[in-house]
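Chains as they are written, first to last, in this note's numbering: chain A, 28 to 239; chain B, 28 to 239. Just so you know, even glycine gets a beta-carbon here, dropped at the ideal spot from N, CA and C.
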DNA sequence: AGGAGCTGTTTGACCGGTCAGTTAGACTTG
DNA sequence: CAAGTCTAACTGACCGGTCAAACAGCTCCT
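Printed below as a string of structure tokens:
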């Protein structure tokens, strides 16, 4: 089904149509929403014909899935790299959030598509798995930072898993609010900083404070 | 355009077709997503004909808008009532979160539709206003609780507005994760409690801790 | 009382357009 | 030619919106 994977004689440069299509689909999906974009539009945006889209991705759902997987992989990688720098736990968290809130345009594209993914994941089985994978990858990264911070005495908390979930909730929750702002472009820096403050406030607390 | 509003002689009980349609639409939209439901299906679910849907709500978009407004109003009211009880700031927050996480089925319906709303709000102007209204209503409620908690010395923080935003991010963020769980029904209580813990951890902190 | 006529409600058939998916065949390249 | 790649035209289903006509309740006239 997939013509080739790696060992190709002439790894012709600009010739992986699949990626061309996914990139075009990503842009269009995030702009208008998955269900408002036809295969024709995607093909046209990639300078190809619609037939080819179905040739490579048997169905539209497959293309959507592939596009989301592509976006999710890229984002997970960006988060990972952002976290790799910075030494102290606090610094790591700040670097991580800076890395995630990298730019208004990029963030908006990704999170709008991610919203679609969440909606699909809650209703279609095919998407549930992808969403679960993304969830565990990201949460594992967060948990690692938190565990390290706890070990060094910078953060408090006994359950890094739950801490990761909460940290993620804070980040996603701020994005969700930000997305709905009419002037999202201008407000991007404010949300980024508020997100940092909330995350650090949550993480750096007195060890015994959480109530019953 | 609207036939009547209040002063009707025979306020026939089960006869407001508009509400019948909105209720049917709410159920179906939340189950399958707005764009996967046709006007025919909604009409059939309400035991009416499709023509009537367009008779009352000129367009599908209007029906979607009306349905979302209805759901959002109801939810805001539920939150308000949940907060009305309980005296201490901590108790108020707990009561509020208990009130919000009222039941798996209900929560799932609402948040799934809310996800659609967020997606629409980010792309269509008509929905932006509704989303902004809901945002300010809910955040005002949260800010009030926080301000009261700060005044009584139970919570720390100088900016109740930002605190409200963060509190909301925590709640929405946990919902977003919960929605994507395959066995959401069973996990509902866990997420509810984790949400409480995170909220209280964020709110009850030592006054000077937030970094930079 | 009993139409006649009006107004708001309800239906079902219908139209135009859109879109995912199919197919037949053309174009490359080895 | 044979296999892989690509296109354009087509199909069949679906769906939002329109419309003409049927229908119900009401008032007013005779």
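Item: Check: residue 63/B C-beta below 6 Å from any heavy atom of the ligand HEM; Value: With respect to the ligand HEM, the structure offers nothing, as it holds no ligand at all.
Item: Short CB-CB distance (under 7 Å) between residue 49/B and chain A; Value: no
Item: Proximity of residue 144/A and residue 163/A at Cβ, strictly below 7 Å; Value: no
Item: With 16 other Cβ atoms within 10 Å as the buried cut-off, status of residue 86/A; Value: exposed
Item: Whole-number beta carbon distance between residue 225/A and residue 193/B, since they are thought to touch under 8 Å; Value: 4 Å
Item: DSSP state of residue 71/B mapped onto helix, strand, coil; Value: helix
Item: Cβ of residue 228/B within 7 Å of any chain A Cβ; Value: yes
Item: Spatial distance of residue 173/A from residue 196/A (CA atoms); Value: 14 Å
Item: Sequence-distant residues of the same chain with beta carbon closer than 6 Å to residue 230/B, five excluded per side; Value: 182
Item: Minimum C-alpha distance to residue 59/B - residue among 112/B, 94/B, 139/B and 108/B; Value: 139/B
Item: Residue 221/B, buried or exposed, once every other Cβ within 10 Å from all chains shown has been counted against 16; Value: buried
Item: Length of the line joining the Cα atoms of residue 147/A and residue 132/B; Value: 17 Å
Item: Residue 64/B in three-state terms, based on DSSP; Value: coil
Item: Within 7 Å, strictly: CB atoms of residue 48/B and residue 99/B; Value: no
Item: Residue 71/B versus residue 77/B: straight-line alpha-carbon distance, rounded; Value: 8 Å
Item: 7 Å Cβ cutoff, residue 199/A in contact with chain B; Value: yes
Item: Residue ranges of each alpha helix (DSSP H) within the segment 187-211 of chain A, 4 or longer; Value: 187-206
Item: Integer-rounded CB distance, given that residue 206/A should sit under 8 Å from residue 149/B; Value: 5 Å
Item: For residue 114/B and residue 235/B, the rounded distance between their alpha carbons; Value: Low confidence applies to residue 235/B: its pLDDT is 45, below 50, so where it sits in the model is not reliable, and the reading given next is rough at best. If you take the alpha carbons of residue 235/B and residue 114/B, they lie about 26 Å apart.
Item: Span separating the alpha-carbon of residue 228/A from that of residue 189/B; Value: 12 Å
Item: Segments assigned alpha helix (DSSP H), at least 4 residues, entirely inside the segment 67-123 of chain A; Value: 77-83 and 87-111
Item: Minimum Cβ-Cβ distance from residue 153/A to chain B less than 7 Å; Value: no
Item: DSSP-derived helix/strand/coil call for residue 58/B; Value: helix
Item: Under 7 Å between C-beta atoms of residue 106/A and residue 127/A; Value: yes
Item: Within-7 Å CB hit, residue 70/A to chain B; Value: no
Item: Residues from the segment 200-222 of chain B in contact with chain A, defined by Cβ distance under 7 Å; Value: 200, 201, 203, 204, 206, 207, 209 and 221
Item: Proximal residues, the segment 133-147 of chain A versus chain B, C-beta separation under 7 Å; Value: 139, 142, 143, 145 and 146
Item: is_contact[residue 171/B, chain A] using C-beta, thresh 7 Å; Value: no
Item: Spatial neighbours of residue 165/B in its chain, beta-carbon cut-off 7 Å, leaving aside the 5 residues before and after; Value: 103, 106 and 195
Item: Residue 30/B versus residue 154/B - alpha carbon distance; Value: With a pLDDT of 38 at residue 30/B, under the threshold of 50, the predicted position of this residue should be treated as unreliable, and no value is reported.
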